[in-house]
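Student: Residue numbers (the numbering used here): 777 to 877. A virtual CB, placed ideally from N, CA and C, is assigned to each residue, including glycine.
Quick look at the structure:
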């Protein structure tokens, strides 16, 4: 499991890449990816191109990110989901809370 984040200074977009299994073992690493940023991002992009699995704790972590980013006013996109990941997000009605592609 690896979480890599990068902030684009010109656009204010924070990209968080989740590689491998997205489960409770990634909790602290995922929180650090958005809490230890020097500025307030204009947009949070969670890139799941290399995510192979996610469970209910990962869903909870995404909700914590949403709260941290401003709740209903948060601008968060979840991108590059494979079919299995997208299915879990859809069943959980996360398209109501996040922009998913």
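Does the Cβ of residue 792 have 16 or more other Cβ atoms within 10 Å, making it buried, or fewer, making it exposed?
Tutor: As a position in the chain shown, residue 792 is number 16, starting the count at 1. The residue is buried, with at least 16 neighbouring Cβ atoms inside 10 Å.
Student: Who are the near neighbours of residue 819 in its chain, counting only those whose CB is closer than 8 angstroms to its CB and skipping five residues on each side?
Tutor: The sequence position of residue 819 within the chain shown is 43, counting from 1. Counting only Cβ-Cβ distances below 8 angstroms, and skipping sequence neighbours, we find 787, 788, 789, 790, 851, 852, 853.
Student: So, using beta-carbon positions, are residue 856 and residue 814 closer together than 7 angstroms?
Tutor: The count along the chain shown starts at 1 and reaches residue 856 at position 80. The count along the chain shown starts at 1 and reaches residue 814 at position 38. Cβ atoms of residue 856 and residue 814: not closer than 7 angstroms.
Student: Pull the bridge partners of residue 827 from the DSSP assignment, please.
Tutor: In the chain shown, the residue the question calls residue 827 occupies position 51. DSSP lists 796 as partners of residue 827.
Student: Based on Cα-Cα distance, which residue from 782, 871, 778 lies nearest to residue 816?
Tutor: To locate residue 816, count along the chain shown from 1; it is residue 40. Residue 816 has its Cα closest to that of 782, out of 782, 871, 778.
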